[in-house]
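Participant: The numbering used here applies: residue 127 is where the sequence shown begins, and numbers increase by one.
Here it is, the structure, as structure tokens.
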Amino acid sequence: MGNKVKFVFIVSLVLNAVLVIGFWVYHNFAKSQIFKMAVMVPQAEKNLIVSILPELESGDSERITALEERLRMNIENAEKVEASS
């Protein structure tokens, strides 16, 4: 009976160690993904500004109106996503 209890105890310790290591790996992976997304936000904003600036500098009222409509539509879509989450 003593060997059986010792075996169960060792298996329990090994499984707990695997669980702790799994949580640690998941935590590090999630943290790195969050950091990557945080880095992507300013890049996306820069890309948006770079794409908008030529439209505004063109002085073409049709292009500016189309840009305004796209921006309004993007704002509405973002509000819908925020409301649904």
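We put the CB at the ideal spot given by N, CA and C, even for glycine.
A quick note: this is a predicted structure, and the numbers were derived from the prediction, not measured.
What do you reckon, are the CB atoms on E202 and R189 nearer than 7 Å?
Facilitator: No, the Cβ-Cβ distance between E202 and R189 is not below 7 Å.
Participant: From L145 to V134, what distance separates their C-alpha atoms?
Facilitator: When rounded, the distance between both Cα atoms is 16 Å.
Participant: Hey, I175 and L193 are a contact pair by Cβ (cut 8 Å); roughly how many whole angstroms apart?
Facilitator: I175 to L193, Cβ: 12 Å. No contact.
Participant: How many angstroms separate the CA atom of W150 from the CA atom of A156?
Facilitator: For W150 and A156, the distance between alpha carbons rounds to 10 Å.
Participant: If you draw a straight line from the C-alpha of L197 to the C-alpha of K162, how long is it?
Facilitator: About 26 Å.
Participant: Mapping the DSSP letters down to three states, classify S211 as helix, strand or coil.
Facilitator: Three-state DSSP puts S211 in coil, outside helix and strand.
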